[in-house]
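Notes for the one structure printed next.
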Amino acid sequence: MEKKEHIISILVYNKPDVLARIAGTLGGKGYNIESLSVNTTTQYEISKIVMTSIGNQATISRIENQLQRLVDVISVEDLTNVDSVHREMILVRLNMTEDKKEQIKKAIDDNQWKVIKSDENYVILEITGDKVQIDLAMARLEPLGIADITRTGLVALELKN
Amino acid sequence: MTGGGVILGKASDELTKLARKYQIPVTGTLMGLGSFPGTDPLWLGMLGMHGTYHANMAVSHCDLLIAVGVRFDDRVTGTIETFAPNAQIVQIDIDPSSINRNVVVELPIIGETKATLKDLIQFLAEHKYVPAKDTRQEWLTEIEQWREKVPLTYCQNGEIIKPQYVIEKLYYVTNGDVFVTTEVGQNQMWTAQFFKFNKPNTFITSGGLGTMGYGLPAAIGVKCAFPDKQVVDIAGDGSIQMNIQELATAAQYNIAVKVVLLNNGFLGMVRQWQELFYEKRYSHTDMTYAPDFVKLAEAYGVVGMRATKPAEVEKTLREAFSIDKPVLMDFRVSREECVYPIVRPGESLSEMDLGTREMIN
Amino acid sequence: MKLKGSQILLKMLEEEKVDLIFGYPGGAVLDIYDQLYKSKLKHILVRHEQGAVHAADGYARATGKVGVCLVTSGPGATNTVTGIATANMDSIPVVVFTGQVPTTLIGNDAFQESDITGITRPCTKHNFLVRSVEELAATIKKLFISRDPEGPGRCWSTSLKMSWPRKQNSIRPTSKSEITMLRINPFLRNYRRFWKCFFKRKNLC
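Protein chains in written order, with my numbering: chain C, 8 to 168; chain L, 46 to 406; chain P, 87 to 291.
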């Protein structure tokens with residue numbers, strides 16, 4: 008069975024210990040969390056955690072089983088093979104040095120990247136997209152000289168209810 | 046194949062009914078002992094690393110394995126690839142994370158053991174299932190031949206007490222009507238091999254974690270729950286020292302537990318592995334330097350007794366059980382006895398090391 | 087009449103028909119031991135906290151009921167870890183109540199403080215840190231939930247850290263007896279439907 012990145016969406020009770028327990032359970036069993044995002048849902052008492060992990064189907068089933076045993080976990084779903092929308096976001100600062108200025112301006116126009124803040128010295132961009140789009144943006148940003156970057160974890164939503 | 050899940054799920058009656066009705070031989074993990082009567086002719090004994098020869102052979106040669114309330118721990122399976130190679134496996138367990146974790150099974154059933162077995166019995170009855178008499182008899186005969194070829198045995202000649210002899214005597218003296226807790230190591234394995242458990246919830250042992258020092262406080266807990274029943278902790282000299290202070294608890298409340306101390310002056314199981322796999326280089330397992338356990342027991346305010354010869358064993362046990370006080374019995378046993386059979390790490394269940402010829406009859 | 091946390095604890099244990107606990111006193115649980123002194127609840131004084139948990143474990147295995155123990159904070163709590171891990175590995179329902187330092191001192195490396203919630207997270211089914219008296223009764227209730235009179239109870243052993251004005255007590259649960267009350271007919275229901283019922287039941291807790 009081949010390994011690939013799986014997206015797991017977990018509904019949990021919004022309690023202080025929950026994230027620590029999930030991370031501990033997976034870490035303790037040797038499963039790596041590649042990316043993670045967590046926030047409350049429309050009900051404050053319930054949070055949603057979206058995480059990604061690399062493994063084959065058997066490994067991912069084991070992860071799901073381990074998570075489902077936890078008391079504060081409400082539901083666990085593997086969204087990898089389900090029709091869903093994925094998004095990640097990056098905030099990136101590029102320094103507007105003499106040699107790169109024009110390149111950066113051209114790249115922003117060509118890619119239609121959103122400029123959050125800019126002055127003569129630097130520019131901060133916000134780029135949203137799925138993993139492929141973000142990876143592509145990263146590749147295009149690389150030659151422009153990334154001064155600083157923050158990347159969120161993946162969020163995902165099933166297409167139908 | 047029965048495990049801890051049958052006892053926790055209170056499914057012992059259903060399992061017994063199913064096995065007896067369709068003449069299915071039953072083996073058990075350490076945690077499953079007592080879920081099927083140990084005196085029943087269908088009982089094969091424990092399987093696994095120190096399981097009986099015929100139980101391991103039966104599992105290795107069967108074509109259908111119904112595993113109830115087990116998680117296929119490494120102590121039970123031997124090498125996973127060679128476990129029950131010819132068998133279709135049905136696994137019934139409440140915990141989805143125990144299914145298909147170590148051993149991939151053909152039919153996983155997630156549910157309570159009690160309810161599932163009840164439904165299974167009903168299902169088989171509705172479909173009027175009858176096992177084919179001749180093939181079933183052939184199978185049972187084959188298993189019986191394995192049992193006769195390599196029975197569980199030891200050699201109690203001479204003047205040194207064999208630990209297995211103490212356990213068999215214990216069963217004989219108590220008629221098996223006793224709660225047994227154990228420590229961990231050789232004492233635990235010999236108990237599992239030589240003591241027949243007929244009822245669930247009577248064999249109390251740290252199976253999963255294997256915690257030395259578990260037996261004495263656990264025996265105290267059991268005796269508190271059942272003050273009118275006899276409760277025995279079968280211990281080794283290493284394990285008993287880990288929570289020996291609980292003798293004071295027993296003395297304070299007169300919790301009349303009986304400690305059967307199989308004292309060989311070694312950290313027994315570790316020494317056995319050093320004998321088998323490290324050419325007898327006994328690195329830090331010699332525990333000759335130990336307290337006089339009888340004096341120590343008395344210092345704690347419990348009764349201390351000692352037996353050094355086989356002839357004294359039964360007498361000591363009977364005397365201990367006649368006193369309504371906590372008792373520690375120091376049985377000085379053979380120092381370098383090994384638990385056999387043993388499935389060595391990396392081997393399959395059918396490739397057991399059976400010990401020397403002295404062991405086998 | 088407003089009850090103190092220690093009184094609530096003993097009252098809840100009485101309601102859950104706990105008739106015996108194993109324990110070892112200490113500074114952080116003095117209030118509880120004071121209530122115990124006046125209570126009918128039987129308490130066995132052990133000589134090491136590990137012994138208390140093993141005794142509760144043996145009690146649980148022999149009877150099928152939940153074994154309960156009470157220990158103090160800091161080293162008293164950490165001494166229970168082996169016992170908790172033992173019970174957890176074999177899925178035995180045991181509840182461990184551990185004391186804790188006053189709420190205001192948590193995280194200050196106070197005398198006999200330990201992050202027992204963190205330490206036992208991997209070897210318990212669940213644990214709680216109870217920070218207020220108001221939460222106490224409901225949290226203790228969760229520990230002993232039993233639904234179906236016929237089948238095995240659903241034992242969520244949970245750990246609580248109780249806190250009331252001056253003191254905190256942490257109640258630690260161990261084992262993972264997640265035996266649900268659902269009666270599954272394996273030949274009729276499929277896997278997915280089972281899970282929907284399972285989680286629905288979980289939500290009801």
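Using N, Cα and C, we set each Cβ at its ideal position, and we do this for glycine too.
What does residue i touch in chain C if you count any residue whose Cβ is under 7 Å from its own?
i                : result
Lys294 (chain P) : This structure cannot settle anything about residue 294 (chain P), because the visible part of chain P is limited to 87 through 291.
Expressed to the nearest angstrom, what Euclidean distance is found between the alpha-carbon atoms of residue i and residue j?
i                : j                : result
Thr32 (chain C)  : Glu193 (chain L) : 47 Å
Gln93 (chain P)  : Tyr20 (chain C)  : 29 Å
Leu98 (chain C)  : Arg147 (chain C) : 14 Å
Val115 (chain L) : Asp142 (chain C) : 45 Å
Ile265 (chain L) : Lys241 (chain L) : 22 Å
Val378 (chain L) : Asn202 (chain L) : 13 Å
Ile61 (chain C)  : Ile40 (chain C)  : 8 Å
Gly407 (chain L) : Phe248 (chain L) : Residue numbering for chain L in the displayed model covers 46 to 406; residue 407 (chain L) lies beyond these limits and cannot be assessed.
Ala103 (chain L) : Leu254 (chain L) : 27 Å
Val388 (chain L) : Ser251 (chain L) : 20 Å
Arg94 (chain C)  : Asp137 (chain C) : 4 Å
Thr206 (chain P) : Asp58 (chain L)  : 35 Å
Asn288 (chain L) : Gly137 (chain P) : 7 Å
Pro235 (chain P) : Asp222 (chain L) : The predicted position of Pro235 (chain P) is uncertain, since its pLDDT is 33 and thus under 50; a value taken from the coordinates is nonetheless stated next. When rounded, the distance between both Cα atoms is 28 Å.
Asn232 (chain L) : Thr74 (chain L)  : 16 Å
Glu105 (chain C) : Pro150 (chain C) : 14 Å
His121 (chain L) : Ile279 (chain L) : First, the residue type needs correcting, since residue 121 (chain L) is Val and not His in the sequence shown. If you take the alpha carbons of Val121 (chain L) and Ile279 (chain L), they lie about 22 Å apart.
Leu53 (chain L)  : Val225 (chain L) : 17 Å
Leu349 (chain L) : Leu373 (chain L) : A quick correction: the sequence has Gly, not Leu, at residue 349 (chain L). C-alpha separation (whole angstroms): 5 Å.
Below 8 Å on C-beta distance, what does residue i contact in chain C?
i                : result
Thr203 (chain P) : Asp24
Counting only Cβ pairs nearer than 8 Å, list the residues of chain L close to residue i.
i                : result
Gln75 (chain C)  : Pro141 and Ser142
Gly162 (chain P) : Per Cβ cutoff of 8 Å: no residues; Gly162 (chain P) is ~15 Å from chain L at best.
Gln136 (chain P) : Gly258, Pro262 and Asn288
For the beta strand (DSSP E) that contains residue i, what are its first and last residues?
i                : result
Gly185 (chain P) : Val180 to Gln186
Tyr113 (chain L) : According to the sequence as given, residue 113 (chain L) is Val; it is not Tyr. Here the beta strand (DSSP E) through Val113 (chain L) covers Leu109 to Val113.
Asn102 (chain C) : Ser91 to Asn102
Arg377 (chain L) : Val372 to Arg377
Ile83 (chain C)  : The sequence given here has Val at residue 83 (chain C), not Ile. Here the beta strand (DSSP E) through Val83 (chain C) covers Val80 to Asp85.
Glu12 (chain C)  : Lys11 to Tyr20
Run the proximity test for residue i: is its beta-carbon closer than 8 Å to any non-hydrogen atom belonging to the ligand ADP?
i                : result
Cys155 (chain P) : The ligand ADP is not part of this structure, which contains no ligands at all.
Against residue i, what residues of chain L qualify as contacts under a CB-to-CB distance less than 9 Å, listed in chain order?
i                : result
Arg69 (chain C)  : Ser142, Asn145 and Arg146
Asn102 (chain C) : Simply none; closest approach about 50 Å.
Starting from residue i, trace the alpha helix (DSSP H) in both directions and tell me its first and last residue.
i                : result
Phe239 (chain L) : Gln231 to Phe239
Met102 (chain L) : Tyr98 to His106
Thr225 (chain P) : Val219 to Leu229
Lys36 (chain C)  : Element bounds for Lys36 (chain C): n/a, residue is neither H nor E.
Leu60 (chain L)  : Ser57 to Lys66
List the residues of chain P whose Cβ lies closer than 7 Å to the Cβ of residue i, in chain order.
i                : result
Gly31 (chain C)  : Arg207 and Pro208
Gly35 (chain C)  : Pro208
Ala65 (chain C)  : Those within 7 Å of Ala65 (chain C) in chain P number zero; the least Cβ separation is about 16 Å.
Asn246 (chain L) : Arg147, Ala148 and Gly150
Ala270 (chain L) : Tyr145, Ala148 and Thr149
Tyr259 (chain L) : His140 and Thr172
Mind listing the chain L neighbours of residue i? Cutoff is C-beta to C-beta under 7 Å, in chain order.
i                : result
Asn72 (chain C)  : Pro141 and Ser142
Arg133 (chain P) : Gln290, Glu291, Ala293 and Thr294
What does residue i reach in chain P if we use C-beta pairs closer than 8 Å?
i                : result
Ala163 (chain C) : Simply none; closest approach about 20 Å.
Ala27 (chain C)  : Gly204 and Arg207
Gln275 (chain L) : Per Cβ cutoff of 8 Å: no residues; Gln275 (chain L) is ~12 Å from chain P at best.
Val267 (chain L) : Gly144, Tyr145, Arg147 and Ala148
Closer than 9 Å, CB to CB, is residue i near chain A or not?
i                : result
Ile130 (chain P) : The question asks about chain A, but that chain is absent: this structure's protein chains are C, L and P.
Alpha helix (DSSP H) segments (min. 4 residues) lying fully within the region 89 to 122 of chain P | Counting only unbroken stretches of 4 or more residues, the alpha helix (DSSP H) elements lying wholly within the region 89 to 122 of chain P are 91 to 101, in sequence order.
Considering only residues of the region 243 to 295 of chain L, which uninterrupted alpha helix (DSSP H) runs meet the minimum length of 4 residues and lie entirely inside it, listed in chain order?
-> 260 to 270 and 282 to 285
At what residue ranges does the region 294 to 370 of chain L contain a whole run of the alpha helix (DSSP H), taking only runs of 4 or more?
-> 313 to 322, 338 to 345 and 355 to 367
Every unbroken beta strand (DSSP E) within the region 111 to 161 of chain C, with a cutoff of 3 residues, ordered by chain = Whole beta strand (DSSP E) segments, 3+ residues: 121 to 125, 129 to 136 and 153 to 158.
What are the complete beta strand (DSSP E) segments, minimum 3 residues, inside the region 139 to 208 of chain P?
-> 153 to 157 and 180 to 186
Every unbroken beta strand (DSSP E) inside the region 145 to 214 of chain L [3 residues or more] = 152 to 155
Mind listing which residues of the region 229 to 254 of chain L have their C-beta closer than 8 Å to chain P's C-betas, in chain order?
-> Asn246, Thr247, Ile249, Ser251, Gly252, Gly253 and Leu254
Going along the chain, which residues of the region 194 to 225 of chain L sit with their C-beta nearer than 8 Å to a C-beta in chain P?
-> Phe224
Residues of the region 168 to 179 of chain L whose Cβ lies closer than 7 Å to any Cβ of chain P, in chain order | Phe168
Using a Cβ cut-off of 7 Å, which residues of the region 170 to 201 of chain P contact any Cβ in chain L, in chain order?
-> Ala171, Thr172, Met175, Asp176 and Ser177
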